[in-house]
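Number of protein chains: 2
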Amino acid sequence: MINNLFTKIAEKDKRSIARALTEIENNSKLSEKIIDEISSSFGKSYRIGITGPPGAGKSTLTNALLKKLVEMNYYVGVIAVDPTSPFTGGALLGDRIRMSEIGTHPNVFIRSMASRGSLGGLTKFASEAGDVFDYAGFDFTIYETVGVGQSELDIANNVDTTVVVLVPESGDSIQAMKAGLMEIGDIFVMNKADRAGADQAVASLQFILSFREHNENSWLPPIIKTIASEYKGIDDLYNKILEHKNFLLKNNLLELKRKQRFKTRIKELISNQLKKELWTLERNNLLDENINLIFEKKLKLSTVVNQLVNSFRNNN
Amino acid sequence: MINNLFTKIAEKDKRSIARALTEIENNSKLSEKIIDEISSSFGKSYRIGITGPPGAGKSTLTNALLKKLVEMNYYVGVIAVDPTSPFTGGALLGDRIRMSEIGTHPNVFIRSMASRGSLGGLTKFASEAGDVFDYAGFDFTIYETVGVGQSELDIANNVDTTVVVLVPESGDSIQAMKAGLMEIGDIFVMNKADRAGADQAVASLQFILSFREHNENSWLPPIIKTIASEYKGIDDLYNKILEHKNFLLKNNLLELKRKQRFKTRIKELISNQLKKELWTLERNNLLDENINLIFEKKLKLSTVVNQLVNSFRNNN
């Protein structure tokens, strides 16, 4: 039965892809088998991350890039990572809807993840979803995420090309840098480039990027002007993505990146496994008691840490 | 010698406080002893987190609140968490400088942390710094951080009262919610409240907050209008913080929060200890070899994970 699922995924059957993603997301019994099968096959699907501050037009740009890739007859998987509040659900996320026009195309598979507060899980699921698309033989996987903070850094670590989307009014350069987006971009997009101040924003972005460490062999992140809503500049973006891909290939960085990624992921899996085995109900209760003893100054913090580590290493 | 350090910290000696923070930040040999000593003493310093999108005026508000607290003769420690790009350093962070006027007051101790990409370390240092201020007998510890993403969630989990700062132009409600700030605020501040659209922004914020789950016993997050640069609304903010503190005290939530925080921190310390012991050079090399075998389909991912976990638990 599960072999049938793998066959279907490899035939790009959407229902089977959706099923695999759900099993992985729910950490179901089948998920380990699915991950085992798909994790050894990766390397074909090129992973693009699209990030930027709220309001920069990431969804519209993703939409436009998607259209371009579909025109080129590529198969594309999209993971929209959405740090939405859990108490409002996803009901108000109007800009997702804009993706639905191209979202129904047979070459496209879109999955949204509401992920607030479970960042470790986000990275894990996002990479495994990429592996599923890979296994299915999709040409591209696009990750869209709201930038600023840890999530866009995690995504940057999990893709081949990171596209940072800004708008002229993204704020002065200092704010943009504080957002920490400058260091992770392989390609910068100044979207809504018909707005006032666009050229100035590009110039100051250029200035900021000139501080990035580089030598003759490093990739110089280009800045592209787009008006995603009018589908302007999308060819440019597409070409720059291919250029970056070729740069990575030429310098053997693509395989290196992917192995590094895989290694990080395995280490996370192992950490999670250790945590699961460590925090039995018994040790949790012991910790509660010890915390009270620390407050009463009868135990030291370091003693508690060492005792728990040792009990784990010796007794099981 | 180290006992002398503790005595000096307890006397609020700034150089000794700075020294303790540096030792902890550098994870020096002394740091364990320092943490052991300070970690059992906490509970006096009230922790306030100030977060919000870039450009909301967090630093100005922190500055104003600081001034208010100093006027009340309180001692205040400030940790400014700054996810700056490492390649530009902190040189361009103009808005930090604005804090320096009050920053030199004898009752105030300010520490900036540039923390990009080391989020686990950030939380650890931030809480331990709070413990140092606590040990010194400071009345308040303020954490300031750029919101959106994981860092502000981490800070929210480490403070008693979280203040979310917004401005009328923070963008439409959907974007604000995507930023995920709505669920963590105990108090909301609409800063720059003299700007156009302020009342409308307050109204839509009110609407969004009405979706938050609550019952007759829960805290209803108030919205305060401020013009921090003109020191307007700061008394209101201060009073609401005290109100929230009393609410927590009355419902026995303050101690609960603090114990929970301490527990999470010990668990992190233990995880880090396990990771450190696990990833010897030998096991790192083994993992590299195994990754190649996975790609050659000679080994399964789950086998690799289980073997490494077991080797750690049995062989040391």
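Protein chains in written order, with the numbering used here: chain A, 1084 to 1399; chain B, 1084 to 1399.
We put the CB at the ideal spot given by N, CA and C, even for glycine.
Q: Taking C-beta pairs closer than 9 Å, name the residues in chain A that B/Leu1357 reaches, listed in chain order.
A: Numbered from 1 along the second sequence, position 274 holds the residue referred to as residue 1357 of chain B. The contacting residues are Ser1354, Leu1357, Lys1358, Leu1361, Val1392, Phe1395, Arg1396.
Q: With 7 Å as the C-beta to C-beta threshold (strictly closer), list the residues of the segment 1116–1130 of chain B near chain A in chain order.
A: Residues Ile1118, Asp1119, Ser1122, Ser1123.
Q. How big is the Cα-Cα spacing for B/Lys1095 and A/Glu1372?
A. Here residue 1095 of chain B corresponds to residue number 12 of the second sequence, with the count starting at 1. Here residue 1372 of chain A corresponds to residue number 289 of the first sequence, with the count starting at 1. Cα-Cα distance, rounded: 32 Å.
Q. With DSSP run on the structure shown, which of helix, strand or coil describes A/Tyr1129?
A. For the purposes of this step, residue 1129 of chain A is taken as residue 46 along the first sequence, with counting starting at 1. Strand.
(Q) Any C-beta of chain A within less than 7 Å: which residues of the segment 1376–1390 of chain B qualify? (A) Answer set for the segment 1376–1390 of chain B: Ile1377, Phe1378, Lys1380, Lys1383, Leu1384, Ser1385, Val1387, Val1388.
Q | Chain-ordered chain A contacts of B/Phe1345 [CB-CB under 7 Å] | A | Translated into positions along the second sequence, residue 1345 of chain B becomes position 262. Ordered by position in chain A, the residues that pass the 7 Å Cβ test against B/Phe1345 are Ile1374.
(Q) Measuring only the C-alpha atoms, how far is B/Glu1252 from B/Val1161? (A) Mapped onto the second sequence, residue 1252 of chain B falls at position 169. Mapped onto the second sequence, residue 1161 of chain B falls at position 78. Our two residues, B/Glu1252 and B/Val1161, have alpha carbons roughly 27 Å apart in a direct line.
Q. Should B/Met1214 and B/Tyr1129 be called a contact, given that it needs their Cβ atoms to be closer than 8 Å?
A. On the second sequence, residue 1214 of chain B is found 131 positions in, with the first residue counted as 1. On the second sequence, residue 1129 of chain B is found 46 positions in, with the first residue counted as 1. First, the residue type needs correcting, since residue 1214 of chain B is Asp and not Met in the sequence shown. Not a contact, by the Cβ cut-off of 8 Å.
Q. Can you pull the DSSP bridge partners for A/Val1272?
A. Translated into positions along the first sequence, residue 1272 of chain A becomes position 189. For A/Val1272, which the question treats as bridged, DSSP gives the partners A/Val1248, A/Ile1307.
Q: Report the neighbours of A/Ile1349 on chain B: residues whose CB is nearer than 9 Å to its CB, in chain order.
A: Your numbering for residue 1349 of chain A matches position 266 in the first sequence. Ordered by position in chain B, the residues that pass the 9 Å Cβ test against A/Ile1349 are Leu1370, Asn1373, Ile1374, Ile1377, Leu1384, Val1387, Val1388, Leu1391.
Q.
Three or more C-beta pairs under 8 Å: does that hold for the segment 1107–1118 of chain B against the segment 1282–1292 of chain B?
A. No contact exists between the segment 1107–1118 of chain B and the segment 1282–1292 of chain B.
Q.
Could you check whether the Cβ of B/Lys1340 sits closer than 8 Å to any Cβ belonging to chain A?
A. Counting from one through the second sequence, the residue named residue 1340 of chain B turns up at place 257. With 8 Å as the cut-off, B/Lys1340 does not count as an interface residue toward chain A.
**Q.** Status (buried if at least 16 other CB within 10 Å, exposed otherwise) for A/Gly1401
**A.** This structure cannot speak to residue 1401 of chain A, because chain A is shown only from 1084 to 1399.
Q: Report yes if the C-beta distance between A/Val1272 and A/Leu1320 is below 8 Å; otherwise report no.
A: Residue mapping note: residue 1272 of chain A aligns to position 189 of the first sequence, counting from 1. Residue mapping note: residue 1320 of chain A aligns to position 237 of the first sequence, counting from 1. Cβ atoms of A/Val1272 and A/Leu1320: closer than 8 Å.
**Q.** Supposed contact pair A/Ser1210 and A/Arg1348 - C-beta distance, whole angstroms, cut 8 Å
**A.** Translated into positions along the first sequence, residue 1348 of chain A becomes position 265. Translated into positions along the first sequence, residue 1210 of chain A becomes position 127. Indeed, because the Cβ distance is near 6 Å, the residues count as touching under 8 Å.
Q: Output the boundary residues of the alpha helix (DSSP H) element that contains B/Val1242.
A: For the purposes of this step, residue 1242 of chain B is taken as residue 159 along the second sequence, with counting starting at 1. Per DSSP, B/Val1242 belongs to no alpha helix (DSSP H) and is neither H nor E.
Q) Does the distance from the CB of A/Leu1376 to the CB of A/Leu1382 come in under 8 Å? A) Position 293 of the first sequence, counting from 1, holds the residue named residue 1376 of chain A. Position 299 of the first sequence, counting from 1, holds the residue named residue 1382 of chain A. Closer than 8 Å, so yes.
Q. Between A/Ser1195 and A/Thr1145, what straight-line distance do the alpha-carbon atoms span, to the nearest angstrom?
A. By one-based count along the first sequence, residue 1195 of chain A stands at place 112. By one-based count along the first sequence, residue 1145 of chain A stands at place 62. Distance between the alpha carbons of A/Ser1195 and A/Thr1145 is about 13 Å.
Q: Taking only the alpha-carbon atoms, compute the straight-line gap between B/Phe1089 and B/Lys1112 and give it to the nearest angstrom.
A: Residue 1089 of chain B sits at position 6 when you count from the first residue of the second sequence. Residue 1112 of chain B sits at position 29 when you count from the first residue of the second sequence. Straight-line Cα distance between these residues: approximately 16 Å.
Q. So is A/Asp1217 buried or exposed if we call it buried at 16+ other beta carbons inside 10 Å?
A. One-based indexing of the first sequence puts residue 1217 of chain A at position 134. Residue environment for A/Asp1217: buried (at least 16 other C-beta atoms within 10 angstroms of its C-beta).
**Q.** Among B/Ile1193, B/Lys1127, B/Leu1364, B/Asp1318, the one whose alpha carbon lies nearest that of B/Ala1219
**A.** The residue given as residue 1219 of chain B occupies position 136 in the second sequence. The residue from B/Ile1193, B/Lys1127, B/Leu1364, B/Asp1318 with its alpha-carbon nearest to that of B/Ala1219 is B/Lys1127.
Q. Can the beta-carbon of B/Tyr1157 be found closer than 8 Å to that of B/Asn1190?
A. For the purposes of this step, residue 1157 of chain B is taken as residue 74 along the second sequence, with counting starting at 1. For the purposes of this step, residue 1190 of chain B is taken as residue 107 along the second sequence, with counting starting at 1. Contact flag set, yes.
Q. Excluding five sequence neighbours on each side, which residues of the same chain lie with their C-beta closer than 8 Å to the C-beta of B/Ser1099?
A. As a first step, residue 1099 of chain B must be located in the second sequence, where it is residue number 16. Same-chain partners within the cutoff: Leu1088, Lys1091, Ile1092.
Q. Can you tell which of B/Ile1310, B/Ala1276, B/Leu1361, B/Leu1336 has its C-alpha closest to the C-alpha of B/Ser1301?
A. Residue numbering aside, residue 1301 of chain B sits at position 218 when the second sequence is read from its first letter. Checking every option, the nearest Cα to that of B/Ser1301 belongs to B/Leu1336.
Q.
I need the straight-line Cα distance from A/Thr1228 to B/Met1084, nearest angstrom please.
A. Indexing the first sequence from 1 puts residue 1228 of chain A at position 145. Indexing the second sequence from 1 puts residue 1084 of chain B at position 1. About 50 Å.
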